[in-house]
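Student: For reference, the structure I am asking about is given below.
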Amino acid sequence: VYGIVPTILSLYLKMNAIAMVYYFTPFTAALFTGRFVVMKLLERFPRKALVMAGFILMGASHLWLISFRTPSAAILAGIVLGLGYSMEYPSLSVWISARFVPGDRGKPVALLNMMFHAGIFITPLMGGWVMERFSLGSYLAGLVLLAFAAAIGMRWVKS
């Protein structure tokens, strides 16, 4: 989902006459606040719960943005995505790392990072394909469903 932030969401905001500053400034502020302040407060919660909550927030952010195409919606969506992403990725990294003994952690963490970085490039490519056949809104709606499905799917992952 993160791969669309700088590319596809810029187009979406422009198509809806929303200045990018309304989305990216709150997103960046929430991302850093989430990582360095909010996560300190949430450390006592299970990593699995934080990953699930992060996916839900990320999906909710996109749902909000495609439902309400206003600058105030973009501000809220940026905040929610920033908080969701700041919860999901670090929590997932720590959770995966903690599931393995120190000598065996390298491969699982490398696989997570490889998948994350592949997603940064693959997500906009998929977005282009979907947008050519449907619309940008339908692509974002698909990402909402994907985020919610990931959160639900986490229910069956062992802690």
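In this note's numbering, the protein residues as written are 884 to 1042. For every residue, glycine included, the Cβ atom is placed at its ideal position computed from N, Cα and C. Every value quoted in this text rests on a predicted model; they were computed, and no experiment measured them.
Contact defined as beta carbons within less than 8 Å: I believe P973 pairs with F983. What is the distance between those atoms, to the nearest angstrom?
Tutor: The Cβ separation is near 17 Å, so there is no contact.
Student: Going by beta carbon distance, what residues of the same chain come within less than 7 Å of E971, once the five residues before and after it are set aside?
Tutor: The residues are V934, G937, F938 and M941.
Student: Could you tell me the distance, in whole angstroms, from the CA atom of V1085 to the CA atom of Y1022?
Tutor: This structure cannot settle anything about residue 1085, because the visible part of the chain is limited to 884 through 1042.
Student: What does a CB cutoff of less than 6 Å around I962 pick up in its chain, not counting 5 residues either side in sequence?
Tutor: Here the set comprises P909 and A913.
Student: Tell me whether F1004 sits in a helix, a strand or coil according to DSSP, three-state version.
Tutor: If DSSP states are grouped into helix, strand and coil, F1004 belongs with the helices.
Student: Give every residue of the same chain whose Cβ lies closer than 7 Å to the Cβ of I949, excluding the five residues on either side of it in the sequence, and list them in chain order.
Tutor: G1020, L1023 and A1024, listed in sequence order.
Student: Which whole runs of the alpha helix (DSSP H) in the segment 919 to 958 are 4 residues long or more, in chain order?
Tutor: Counting whole runs of 4 or more residues, the segment 919 to 958 contains the alpha helix (DSSP H) stretches 922 to 925 and 930 to 950.
Student: Taking the alpha-carbon of L995 as reference, which of V904, L975, V1040 and A981 has the nearest alpha-carbon?
Tutor: For the residues V904, L975, V1040 and A981, the minimum Cα distance to L995 belongs to L975.
Student: Quick check: the Cα distance between L966 and T916, rounded to an integer number of angstroms?
Tutor: So the alpha carbons of these two residues sit roughly 8 Å apart.
Student: Would you decide whether V1027 is buried or exposed? Buried here means 16 or more other CB atoms lie within 10 Å of its CB.
Tutor: Buried is the call here.
Student: Taking the alpha carbon of S1042 as the point to measure from, which residue in S944, F1031, I979 and M998 has its own alpha carbon closest?
Tutor: Among S944, F1031, I979 and M998, the Cα nearest to that of S1042 is on I979.
Student: Count the other C-beta atoms from every protein chain shown that fall within 10 angstroms of the C-beta of F902, then say buried if there are 16 or more, exposed otherwise.
Tutor: The sequence shown places Ala at residue 902, rather than the Phe named in the question. It is exposed - the Cβ of A902 has fewer than 16 other Cβ atoms within 10 Å.
Student: May I have a chain-ordered list of the beta strand (DSSP E) segments no shorter than 3 residues that lie completely inside the segment 977 to 1038?
Tutor: Whole beta strand (DSSP E) segments, 3+ residues: zero.
Student: Run through DSSP, which three-state label would V904 get?
Tutor: Looking at V904 - three-state DSSP - the assignment turns out to be helix.
Student: What residues in its chain sit with their C-beta under 7 Å from that of L946, if we drop five residues either side in the sequence?
Tutor: For L946, where only same-chain residues beyond five positions count, the Cβ hits under 7 Å are V1027.
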